[in-house]
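Peer 1:
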Amino acid sequence: MKSSKAVWVLAAWIIAALLFNAGILFVQGQQKALEFLTGYVIELSLSIDNLFVFFLIFSHFKIGPVQEKRVLSWGVLGAQFMRAVFILAGVALLKRCHWVVYAFGILLVFSGFKLFFKKNKTPNLDQNILLRLLKKTIPENLSTFWVALIAVELADLIFALDSIPAVLAVTKDPFIVYSSNIFAILGLRALYLVLSPIFDMFRNLHYILGIILVFVGGKMITDHLWPMPIGFALGFIVLVLSIFTMLSWPGLKRSRQHDERKGA
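Numbered according to my numbering, the sequence shown spans residues 74 to 337.
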């Protein structure tokens, strides 16, 4: 899939999500529609950091463009199943044990601060504990495709520990949580192909994502004292993402102009 085609595919998935959101608005009302849209925006923005890890995994295992697409396609299918299990488990925990709300909130705040203050450098995957363990446990004759696929699924599993509680901070409705996750996941392959040539532009994204995680974690912790209007939460998240986009846009334009001169 060429990048230009990927842009149209990504746009189609976003439009599909918005149409689905319009259906929720018509059937279930404004509150549920805002919950879906907020969850979708959170999941889509957090997935960019996830895609950067995918990019590093593909580079590390020297996965070519054709295999990248296959890994991403199978990875999306696996992510849908894992997210369903995580969401059902999370909702069940929240219903049975109210204190889990605070545990999730603290986890999100901690993850947000950790993400915000992380060192802005490319991690060395040779030193990654999970990948080293993976290399030791998998059969030596297993193809790099399967190794990369397992690594991608493990990465998504780890990222789900943040992204699902983040959406649960917005809504406890399992249908809204799962559908917002699924629509974001379905566009991941196209989003990766669109962003992979310009991943350098997103090296500072961890600051914005850190702010979002701290914000939704704080909302989760304090919601019993001051129930935050969902429209306010959505507005705040869109605002910080818009600020990041405006700050990154000049660099993106310079990068495109450089590529055009290089290709000329």
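Ideal Cβ placement from N, Cα and C applies to all residues, glycine included.
How long is the line joining the alpha carbons of M274 and I281, rounded to whole angstroms?
Peer 2: So the alpha carbons of these two residues sit roughly 13 Å apart.
Peer 1: Assuming D122 and L278 form a contact by the criterion Cβ under 8 Å, report the distance between their Cβ atoms to the nearest whole angstrom.
Peer 2: That belief holds up - the Cβ atoms of D122 and L278 are roughly 6 Å apart, short of 8 Å.
Peer 1: Considering only residues of the same chain and omitting the five flanking positions on each side of N94, which have a CB-CB separation below 8 Å?
Peer 2: The residues are A106, F109, L110, Y113.
Peer 1: So what's N277 in DSSP terms, helix, strand or just coil?
Peer 2: Note: N277 maps to coil in three-state DSSP.
Peer 1: Rounding to the nearest angstrom, what Cα-Cα distance links S184 and V250 in this structure?
Peer 2: Going by the C-alpha atoms only, they are around 20 Å apart.
Peer 1: Terminal residues of the continuous alpha helix (DSSP H) containing A152?
Peer 2: Per DSSP, A152 belongs to the alpha helix (DSSP H) from 138-169.
Peer 1: Looking only at its own chain, which residues have a Cβ that is under 6 Å from the Cβ of V173, when we skip the five neighbours before and after it?
Peer 2: L166, L167, listed in sequence order.
Peer 1: Can you give me the Cβ contacts of Q140 inside the same chain, cut-off strictly under 6 Å, excluding the 5 residues immediately before and after it?
Peer 2: Within the same chain, Q140 has close Cβ partners F218.
Peer 1: Drop a sphere of 10 angstroms on the beta-carbon of A89, count the other beta-carbons inside from all chains shown, and report buried for 16 or more, exposed for fewer.
Peer 2: Exposed, by the Cβ-count rule.
Peer 1: Pop quiz: V228 and M155 are said to be a contact at Cβ under 8 Å. What is the actual Cβ separation, rounded to whole angstroms?
Peer 2: In the sequence under discussion, the amino acid at residue 228 is Ala, which differs from the Val named in the question. Not confirmed; about 11 Å, so no contact.
Peer 1: Do L261 and S120 have their beta-carbon atoms positioned less than 8 Å apart in this structure?
Peer 2: Going by C-beta atoms, S120 is nearer than 8 Å to L261.
Peer 1: Please name the residue in L98, F190, S236 whose C-alpha comes closest to that of I255.
Peer 2: Of L98, F190, S236, the residue nearest in Cα terms is S236.
Peer 1: Going by alpha carbons, who is nearest to K191 out of G283, A263, A239?
Peer 2: Nearest of G283, A263, A239 to K191, Cα basis: G283.
Peer 1: Where does the unbroken alpha helix (DSSP H) through L119 begin, and where does it stop?
Peer 2: 103-133 is the extent of the alpha helix (DSSP H) around L119.
Peer 1: With a Cβ-Cβ cutoff of 8 Å, do L180 and V289 count as a contact?
Peer 2: In this structure, V289 does not lie closer than 8 Å to L180 by Cβ.
Peer 1: How long is the line joining the alpha carbons of L149 and L259, rounded to whole angstroms?
Peer 2: Inspection of the sequence shows that residue 149 is occupied by Val rather than by Leu. Each residue's Cα considered, the two are about 7 Å apart.
Peer 1: Strictly under 8 Å for the Cβ-Cβ distance: is S269 near chain D by that measure?
Peer 2: Structure shown: chain D not included; a single protein chain is present.
Peer 1: Give the single residue among I87, I115, A162, F186 whose Cα lies nearest to the Cα of L307.
Peer 2: Of the candidates I87, I115, A162, F186, the one whose C-alpha sits nearest the C-alpha of L307 is I115.
Peer 1: Tell me the rounded alpha-carbon separation between L117 and V80.
Peer 2: When rounded, the distance between both Cα atoms is 15 Å.
Peer 1: How many angstroms separate the CA atom of W299 from the CA atom of K245?
Peer 2: Looking at the two C-alpha atoms, the distance is approximately 17 Å.
Peer 1: Classify I231: buried if its beta carbon has 16 or more other beta carbons within 10 angstroms, exposed otherwise.
Peer 2: Classification for I231: exposed.
Peer 1: Could you tell me the distance, in whole angstroms, from the CA atom of P302 to the CA atom of K292?
Peer 2: Approximately 10 Å between the Cα atoms of the pair.
Peer 1: Mind reading off the beta-carbon distance from F125 to F272? Whole number of angstroms is fine, and I expect it under 8 Å.
Peer 2: F125 to F272, Cβ: 6 Å. Contact.
Peer 1: Would you check if the distance between the CB atom of A242 and the CB atom of L83 is smaller than 8 Å?
Peer 2: Taking 8 Å as the Cβ cut-off, A242 and L83 do not qualify as a contacting pair.
Peer 1: What are the boundary residues of the alpha helix (DSSP H) that T217 is part of?
Peer 2: Segment 217-241, the alpha helix (DSSP H) holding T217.
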